[in-house]
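Residue numbers (the numbering used here), protein chains in the order written: chain D, 419 to 572; chain W, 419 to 572. Read through the structure below, which is laid out as structure tokens, and then see the notes.
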């Protein structure tokens, strides 16, 4: 099991994961729109953003995407100038849950952030996702904050 | 009242705000360490990060820093490829609270993110900061998520 940066070939599988959390969508049925292409390229070009995929390969060539998440490395003045890592878009394939893949995904992500020198890794999870909350607490995360969001209209 | 990018001259005042939330520290007593210099330069050099200060000037030259926050613009595959804005390090000078400066700071930040094309602005606030929670809810933010953090040891 490895966590590696997503390539353009992985993009349909990543969009399949993001598109419906509880259904296994066939990546070949996914339409990759222009906005997706632009956003994926923007993530790839930004040295502080990574779209990562968990695959079954051990050599970086695994092509079956079992899970994904995005890491954003945020520079800041606190914690002696250490970056913090923000996690978004965490997904594990619906038909592969319950086998520890999510924990492995998060463990590898935290290890990646730690190796980069981040002092903190953080994420938010919707209030109603109580199973996810227990999952993050089991991994050692402290549920220490309230998460606020405001939609912005164009 | 304007919100503008912090310059190097503002850095001691920003560190004074970040250093002690409830005391007005004299910026001239602040030691700007090498880690602070590096982190401030990293924020300034990153097109997706801004350290912003609220000042009393109307022409961008105001030098009294009344508040600050950091915005990080995060590219992503959701929401048709729109960026989201993450807010960190929100502070208002302790001796100027209760006069609406915090609301103005957040209003200007949301407007800045909206003008950039962000579809969402988000932040987390410590569980015990109940006055802050009411403040964000009054500004229209939905307290929709739980915030998780995990410290990473080097």
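C-beta: ideal position from N, C-alpha, C; glycine also.
Cα-Cα separation, residue i to residue j
i: residue 515 (chain D); j: residue 545 (chain D); result: 21 angstroms
i: residue 467 (chain W); j: residue 504 (chain W); result: 9 angstroms
i: residue 429 (chain D); j: residue 450 (chain D); result: 8 angstroms
i: residue 495 (chain D); j: residue 454 (chain W); result: 6 angstroms
i: residue 425 (chain W); j: residue 471 (chain W); result: 9 angstroms
i: residue 528 (chain W); j: residue 434 (chain D); result: 31 angstroms
i: residue 497 (chain W); j: residue 465 (chain W); result: 21 angstroms
i: residue 492 (chain D); j: residue 442 (chain D); result: 32 angstroms
i: residue 557 (chain W); j: residue 521 (chain W); result: 7 angstroms
i: residue 490 (chain D); j: residue 506 (chain W); result: 14 angstroms
i: residue 432 (chain W); j: residue 469 (chain W); result: 9 angstroms
i: residue 452 (chain W); j: residue 499 (chain D); result: 9 angstroms
i: residue 481 (chain D); j: residue 523 (chain D); result: 16 angstroms
i: residue 568 (chain D); j: residue 463 (chain D); result: 27 angstroms
7 angstroms Cβ cutoff, residue i in contact with chain W
i: residue 532 (chain D); result: yes
i: residue 489 (chain D); result: no
i: residue 486 (chain D); result: no
i: residue 553 (chain D); result: no
i: residue 518 (chain D); result: no
i: residue 460 (chain D); result: yes
i: residue 564 (chain D); result: yes
i: residue 434 (chain D); result: no
i: residue 453 (chain D); result: yes
Within-7 angstroms CB hit, residue i to chain D
i: residue 539 (chain W); result: yes
i: residue 475 (chain W); result: no
i: residue 492 (chain W); result: yes
i: residue 522 (chain W); result: no
i: residue 558 (chain W); result: yes
i: residue 495 (chain W); result: yes
i: residue 499 (chain W); result: yes
i: residue 443 (chain W); result: no
i: residue 653 (chain W); result: The structure shown has nothing for residue 653 (chain W), since chain W only spans 419 to 572.
Presumed contact (8 angstroms Cβ cut-off) between residue i and residue j, rounded CB distance
i: residue 484 (chain D); j: residue 474 (chain D); result: 6 angstroms
i: residue 519 (chain W); j: residue 421 (chain W); result: Not a contact, Cβ separation roughly 11 angstroms.
i: residue 531 (chain W); j: residue 436 (chain D); result: Contact doesn't hold; Cβ gap of about 22 angstroms is too wide.
i: residue 566 (chain D); j: residue 554 (chain W); result: 5 angstroms
Residue i CB to nearest heavy atom of the ligand HEM below 6 angstroms
i: residue 425 (chain W); result: Among the components modelled here there is no ligand, and therefore nothing to report on the ligand HEM.
Classification of residue i by the beta-carbon crowding that lies within 10 angstroms, buried from 16 upward
i: residue 517 (chain D); result: exposed
i: residue 542 (chain D); result: buried
i: residue 439 (chain D); result: exposed
i: residue 502 (chain D); result: buried
is_contact[residue i, chain A] using C-beta, thresh 7 angstroms
i: residue 456 (chain D); result: Although the question refers to chain A, the structure presented lacks it and instead comprises the protein chains D and W.
Original post:
Taking one C-beta from the region 452–464 of chain W and one from the region 530–549 of chain D each time, how about it: are there three or more such pairs within less than 8 angstroms?
Top reply: In this structure the region 452–464 of chain W does not touch the region 530–549 of chain D; the number of beta carbon pairs closer than 8 angstroms is below three.
Original post:
At a cut of 8 angstroms, does the region 512–530 of chain W reach the region 527–541 of chain D through at least three beta carbon pairs?
Top reply: Taking 8 angstroms as the limit for Cβ pairs, the verdict is that the region 527–541 of chain D does not touch the region 512–530 of chain W.
**OP:** Would you be able to state if there are at least three C-beta pairs under 8 angstroms between the region 554–567 of chain D and the region 441–449 of chain W?
**Re:** Output reads no: the region 554–567 of chain D does not touch the region 441–449 of chain W.
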